[in-house]
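Undergrad: In my numbering, the protein residues as written are 40 to 253. Beta carbons are placed, not taken as given, at the ideal position from N, Cα and C, and that holds for glycine.
Laid out in structure tokens, this is it:
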């Protein structure tokens with residue numbers, strides 16, 4: 040949700056370039072700083088959102104004799120991993136749209152993509168009670184519907200890290216790890232390509248009219 044709300048800040052705007060490009064700072068330095076700032080921003084929110092449950096959930100639900108620290112580590116890893124995967128997915132989505140669409144079309148369609156992403160994230164959250172009955176840590180077979188529902192991938196990762204996963208959960212964990220790797224690579228590639236194209240298009244774009252869309 041934070042990534043969707045900060046959709047327009049994923050890339051620098053014309054004001055950023057007009058202030059920064061006259062300075063003796065290379066565009067590569069600006070690129071690394073912008074991407075690092077975005078990653079730290081989302082990572083901070085992910086850590087703050089998951090810190091409470093990472094500590095309290097294993098303490099309140101752990102069985103006697105279980106390793107509380109292992110449960111807490113698994114819990115935090117799964118939550119932060121899910122947040123970073125979502126961040127990479129949304130950055131990739133914007134990068135692909137920015138590279139495929141002409142500048143004028145992208146400016147018009149970008150708010151629609153942003154709204155669709157927000158609705159999808161919220162629907163994914165409210166859909167979880169419907170999907171949770173299909174989950175069983177000891178289940179041998181994986182329900183086909185779970186393969187297309189990313190939140191349960193990280194539930195599988197959580198169970199695998201705690202050491203209590205059955206074959207179905209281990210398959211979900213494998214999907215989660217693959218999704219994070221593919222998401223990270225695609226995010227970096229599309230962001231790099233989009234950044235240099237965005238720099239050129241932004242510097243060449245005429246100033247927006249005062250009565251233009253906000």
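Between the region 194–204 and the region 108–117, do three or more beta carbon pairs fall short of 8 Å?
TA: Touching, yes, given that three or more Cβ pairs across the two stretches are closer than 8 Å.
Undergrad: Would DSSP call residue 84 helix, strand or coil?
TA: On the chain shown, position 45 is the one that residue 84 refers to. DSSP places residue 84 in helix when its eight states are reduced to three.
Undergrad: Can you tell me whether residue 90 is buried or exposed, with buried defined as 16 or more other CB within 10 angstroms of its CB?
TA: For this step, residue 90 is matched to residue 51 along the chain shown. When all chains shown are included, residue 90 counts as exposed.
Undergrad: Please identify the residue among 59, 233 and 205 whose C-alpha is closest to the C-alpha of residue 139.
TA: The residue labelled residue 139 in the question sits at position 100 within the chain shown. It is 233 whose Cα lies nearest to the Cα of residue 139.
Undergrad: Whole angstroms are fine: how far does the CA of residue 158 sit from the CA of residue 40?
TA: Translated into the one-based positions of the chain shown, residue 40 becomes position 1. Translated into the one-based positions of the chain shown, residue 158 becomes position 119. Distance between the alpha carbons of residue 40 and residue 158 is about 10 Å.
Undergrad: If you drop the 5 nearest sequence neighbours on each side, which residues of the same chain put their C-beta closer than 7 Å to that of residue 135?
TA: For the purposes of this step, residue 135 is taken as residue 96 along the chain shown, with counting starting at 1. Cβ within range, chain order: 229.
Undergrad: What are the boundary residues of the alpha helix (DSSP H) that residue 138 is part of?
TA: In the chain shown, the residue the question calls residue 138 occupies position 99. Here the alpha helix (DSSP H) through residue 138 covers 107–139.
Undergrad: Residue 211 and residue 194 look like a contact to me (Cβ under 8 Å); what is the Cβ gap, rounded to whole Å?
TA: Here residue 211 corresponds to residue number 172 of the chain shown, with the count starting at 1. Here residue 194 corresponds to residue number 155 of the chain shown, with the count starting at 1. That pair is a contact at about 7 Å.
Undergrad: Using 10 angstroms around the beta-carbon of residue 51, count the other beta-carbons present and answer buried if the total reaches 16, otherwise exposed.
TA: Counting from one through the chain shown, the residue named residue 51 turns up at place 12. When all chains shown are included, residue 51 counts as buried.
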